[in-house]
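Asker: I'd like to ask you about the structure that follows.
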Amino acid sequence: MEKKIGCVIAYNEGHNNYGTALVGYSLVKKISNLGYDCEIINYKKKLSIKQKIEFVINAIRVGEAKEIYNRFTAKKIEQKYPHYAKGIAERTKAVNEYKSKKLIPLFREHIGYQNLNEGSKKYKAVVVGSDQVWTPMSLPNKFYNLLFVDDNIPKIAYAASFGVSEIPAFQRKATGKYLDRFSSLGVREQQGKIIVDTLSNKVAKVVADPTLLLSREEWETEIADARPNEKDPYIFCYFLGDNQESRRAVNSLKQKTGYKIITIRHMDEYVAEDESFGDEAPYFVDPNDFVKYISNATYVCTDSFHCTIFSIIFHRQFMTFYRFANASKTSRNSRIDSLFDVLKIERERIFNGDICSVIDNKIDYDTVDIKLNEIRNDSLNFLSNALRV
Numbered sequence: 293m294e295k296k297i298g299c300v301i302a303y304n305e306g307h308n309n310y311g312t313a314l315v316g317y318s319l320v321k322k323i324s325n326l327g328y329d330c331e332i333i334n335y336k337k338k339l340s341i342k343q344k345i346e347f348v349i350n351a352i353r354v355g356e357a358k359e360i361y362n363r364f365t366a367k368k369i370e371q372k373y374p375h376y377a378k379g380i381a382e383r384t385k386a387v388n389e390y391k392s393k394k395l396i397p398l399f400r401e402h403i404g405y406q407n408l409n410e411g412s413k414k415y416k417a418v419v420v421g422s423d424q425v426w427t428p429m430s431l432p433n434k435f436y437n438l439l440f441v442d443d444n445i446p447k448i449a450y451a452a453s454f455g456v457s458e459i460p461a462f463q464r465k466a467t468g469k470y471l472d473r474f475s476s477l478g479v480r481e482q483q484g485k486i487i488v489d490t491l492s493n494k495v496a497k498v499v500a501d502p503t504l505l506l507s508r509e510e511w512e513t514e515i516a517d518a519r520p521n522e523k524d525p526y527i528f529c530y531f532l533g534d535n536q537e538s539r540r541a542v543n544s545l546k547q548k549t550g551y552k553i554i555t556i557r558h559m560d561e562y563v564a565e566d567e568s569f570g571d572e573a574p575y576f577v578d579p580n581d582f583v584k585y586i587s588n589a590t591y592v593c594t595d596s597f598h599c600t601i602f603s604i605i606f607h608r609q610f611m612t613f614y615r616f617a618n619a620s621k622t623s624r625n626s627r628i629d630s631l632f633d634v635l636k637i638e639r640e641r642i643f644n645g646d647i648c649s650v651i652d653n654k655i656d657y658d659t660v661d662i663k664l665n666e667i668r669n670d671s672l673n674f675l676s677n678a679l680r681v
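Heads up: the sequence shown at position 157 corresponds to 449 in the working numbering, and the numbers run straight through without jumps.
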């Protein structure tokens, strides 16, 4: 019997980001479609006090102090706002049900780093991807960079993202070292290719996000039984950041059109102002429900990379908002820029102060689909060739 492919995906128990779950599912599905038996490598470990301190220090050094603050204050905020805690519990239940059906049956659990390393030896190859698996904050865990994988086992990156435009100076040597261990390197953004080509002795290829590997027809099949069943026109909003200018812009679109706003609140953090934003704000929404809300919307407004992707797949009229200041060293806007560039989508789709006079402008989806099919086929060829090791 041929050895299995080990898959390392972005997965955290209780983490409710829809894009992350859909990316993991899409990658595993496409590897399976190529004829391989997949296992998702699930790593569990108990951090020592020293490791926890090192994690916090590293996060602060790479500019992610806000992320640490949010983690430490999450429980206090839930205690302060019981209705919010109840809503998050509903969302977690919905997402966990999706994971139980789509991901967890493929899990192979490894407890402790030694068991993780030993377990890697049984695979034909180990694939990591996609999403922001190589952020500077994740470097010390030795998991997403596949440092745990035995030297003799081929290591493949598919659409891996650093999430930032540059690696902090103090991490560049270590980053180049782990990149050199890979047999095939597929990255999600052009900026990621520049990082790989500069810091390592390897040459990376820019490939499509795993969610783009599935066609519109395949996604329609996936969401056929999803819960949303809206009959009236609506504006779907999915904001991960707290920028209030984006909310004001959407409200102006509502005033112009008269369409209701359906929004998903408090994804990355509690945003007090969002309690009064939107006409409907469901919590019991799983990843397929999320995709269906996008597919049926008249307009989509978002600061999310994956919400933008699904808006494109389903030919929606949409507006994307930058979530980060471009000057910020933790900015992750490059993935939006890269997506628009490769699909030849006009930058007017990135909010620049006006929404009502832009969002109805025709998007040449015929041209976008031609380009998307080219990129999808090229990316599947890369993945197929990488797995033939």
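Ideal placement from N, C-alpha and C gives every residue a C-beta, glycine not left out.
Just list the beta strand (DSSP E) runs in the region 475–533, keeping only unbroken ones of 3 residues or longer that don't cross its boundaries, in chain order.
Answerer: 476–479 and 526–530, all fully within the region 475–533.
Asker: If you measure from the CB of Gly468, is any heavy atom of the ligand MN nearer than 6 Å?
Answerer: In the structure on display, the ligand MN does not appear, and there are no ligands present to speak of.
Asker: What number of angstroms, rounded off, separates the C-alpha of Ile637 from the C-alpha of Leu491?
Answerer: So the alpha carbons of these two residues sit roughly 30 Å apart.
Asker: How long is the line joining the alpha carbons of Ile662 and Lys584, rounded to whole angstroms?
Answerer: Answer to the nearest angstrom: the Cα atoms are 23 Å apart.
Asker: May I ask you to report which of helix, strand or coil DSSP gives Phe611?
Answerer: According to the sequence provided, residue 611 is Met. The question's Phe does not apply to it. Note: Met611 maps to strand in three-state DSSP.
Asker: Put His402 into one of helix, strand or coil per three-state DSSP.
Answerer: Three-state DSSP puts His402 in a strand.
Asker: When you compare the CB positions of Ile238 and Ser412, do they come within less than 7 Å of one another, or not?
Answerer: Residue 238 lies beyond the range of the chain shown here (293 to 681); nothing can be said about it.
Asker: When DSSP labels each residue in this structure, what does Lys447 get in the three-state scheme?
Answerer: Lys447: strand per DSSP, three-state reduction.
Asker: Taking the CB atoms as reference points, tell me whether Asp595 and Phe531 lie closer together than 7 Å.
Answerer: Yes, the pair counts as a contact, with Cβ atoms nearer than the cut-off.
Asker: Please report the straight-line C-alpha distance between Cys648 and Tyr562, rounded to a whole angstrom.
Answerer: Spanning the two alpha carbons is a distance of roughly 28 Å.
Asker: In the structure shown, what three-state DSSP assignment does Tyr470 receive?
Answerer: Tyr470: helix per DSSP, three-state reduction.
Asker: Under a Cβ-count criterion, where at least 16 other Cβ atoms within 10 Å of its own Cβ denotes burial, should Val681 be classed as buried or exposed?
Answerer: By the neighbour-count rule (16 or more Cβ atoms within 10 Å), Val681 is not buried but exposed.
Asker: Tell me the rounded alpha-carbon separation between Asp652 and Asp443.
Answerer: Taking the straight line from one Cα to the other gives about 53 Å.
Asker: Check for me: the alpha helix (DSSP H) holding Ala541 runs from which residue to which?
Answerer: Start and end: Gln536 to Thr549.
Asker: Report the option in His307, Asn308, Glu305 and Lys321 whose CA atom is closest to the CA atom of Ser675.
Answerer: Looking at the sequence itself, residue 675 is Leu, so the reference to Ser does not match. The candidate whose alpha carbon is nearest that of Leu675 is Lys321.
Asker: Going by DSSP, what residues sit across from Thr384 in a beta bridge?
Answerer: Per DSSP, none; premise fails for Thr384.
Asker: Quick check on His598 - is its C-beta less than 7 Å from some C-beta in chain D?
Answerer: No chain D appears in this structure, which consists of one protein chain only.
Asker: Go ahead and label Gln424 buried or exposed: buried means 16 or more other beta carbons lie within 10 angstroms of its beta carbon, across all protein chains shown.
Answerer: Under this definition Gln424 is a buried residue.
Asker: Restricting to Cα atoms, I'd like to know which of Ala417, Cys599 and Leu314 is closest to Lys393.
Answerer: Comparing Cα positions, the closest option is Leu314.
Asker: Hey, could you find the ends of the beta strand (DSSP E) Cys648 is sitting in?
Answerer: First-last for Cys648: undefined, no H or E at that position.
Asker: Closest by CA to Tyr526, which one among Ile642, Glu512, Thr555 and Thr513?
Answerer: When only C-alpha atoms are compared, the closest one is Thr555.
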